[in-house]
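A.B. asks: Residue numbers (this note's numbering): 127 to 317. Yeah, the Cβ is synthetic: ideal placement off N, Cα and C, and Gly gets one too. Keep in mind the model is a prediction, meaning the values are calculated, not measured. Next up is a structure, given as structure tokens.
Rendered as structure tokens:
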């Protein structure tokens, strides 16, 4: 729902969409109260998360998608005990992307469970499709990792590649642009 007006979100809820994602704390803490009368709505926080934002998000978030370090898990456990979380994995080992490394995921799962968090699965955002990179191999790698850790949820795939992600076992896809359309021309978040 990044940059989507509340009126459009309410229309989506009336159409039956109950799982909503946001990747900016400020937007989620503004939008969630505005649609709070719809108790069927589940908010997913899917962006990079600073520990100082957890407290204000905790009352609203049903599933935290981007846990990539123990310290963040500790903060979530403090403000949202037993919260459901997904570990963000940097499947392509991109230097400028968040997410734990594939080799760090098993110990992070254990550490987060030790904090009392319910680790439901994994999340990843592979590099955009190009001649050198095919997201399907990254989706497959995440699925194999999840299977090895006995995790059932896979949050992977966006509007441009969700079909590939589903073919590799995605249980959640992020398709806000597909549902709500492109951001207006000149918008700072427009791709």
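Based on DSSP bridge pairs, tell me the residues matched to residue 147.
C.D. replies: Residue 147 pairs with 170.
A.B. asks: To which residues of the same chain is residue 139 closer than 7 angstroms at the C-beta, ignoring the five residues directly before and after it?
C.D. replies: Around residue 139: 161, 164, 167.
A.B. asks: Using the Cα positions of residue 145 and residue 229, report the straight-line distance between them to the nearest angstrom.
C.D. replies: Looking at the two C-alpha atoms, the distance is approximately 30 angstroms.
A.B. asks: Taking the alpha helix (DSSP H) that residue 199 falls in, what are its first and last residues?
C.D. replies: First-last of the alpha helix (DSSP H) with residue 199: 196-205.
A.B. asks: With a threshold of 8 angstroms on Cβ separation, who are the neighbours of residue 246 within its own chain once the five nearest residues in sequence on each side are excluded?
C.D. replies: Closer than 8 angstroms at Cβ, skipping near neighbours: 189, 210, 211, 212, 277, 278, 279.
A.B. asks: Can you check DSSP and say which residues form a bridge with residue 186?
C.D. replies: In the DSSP output, where bridge partners are listed per residue, residue 186 has none listed.
A.B. asks: Can you tell me where the beta strand (DSSP E) with residue 245 in it begins and where it stops?
C.D. replies: It spans 244-250 - the beta strand (DSSP E) in which residue 245 sits, taken as one unbroken run.
A.B. asks: Helix, strand or coil: how does DSSP classify residue 238 here?
C.D. replies: Of the three classes helix, strand and coil, the one that applies to residue 238 here is helix, per DSSP.
A.B. asks: Just the C-alpha distance for residue 185 and residue 142, rounded to the nearest angstrom, thanks.
C.D. replies: Those two C-alpha atoms are separated by around 23 angstroms.
A.B. asks: If distances are taken between C-alpha atoms only, which option among 151, 202, 176, 217 comes closest to residue 331?
C.D. replies: Nothing in the structure corresponds to residue 331, since the chain is present only between 127 and 317.
A.B. asks: Assuming residue 224 and residue 192 make a contact with CB atoms under 8 angstroms, what is their CB distance in whole Å?
C.D. replies: That pair is a contact at about 7 angstroms.
A.B. asks: Relative to the alpha-carbon of residue 222, which residue among 231, 251, 149, 148 has its alpha-carbon at the smallest distance?
C.D. replies: When each option's Cα is compared against that of residue 222, the closest is 251.
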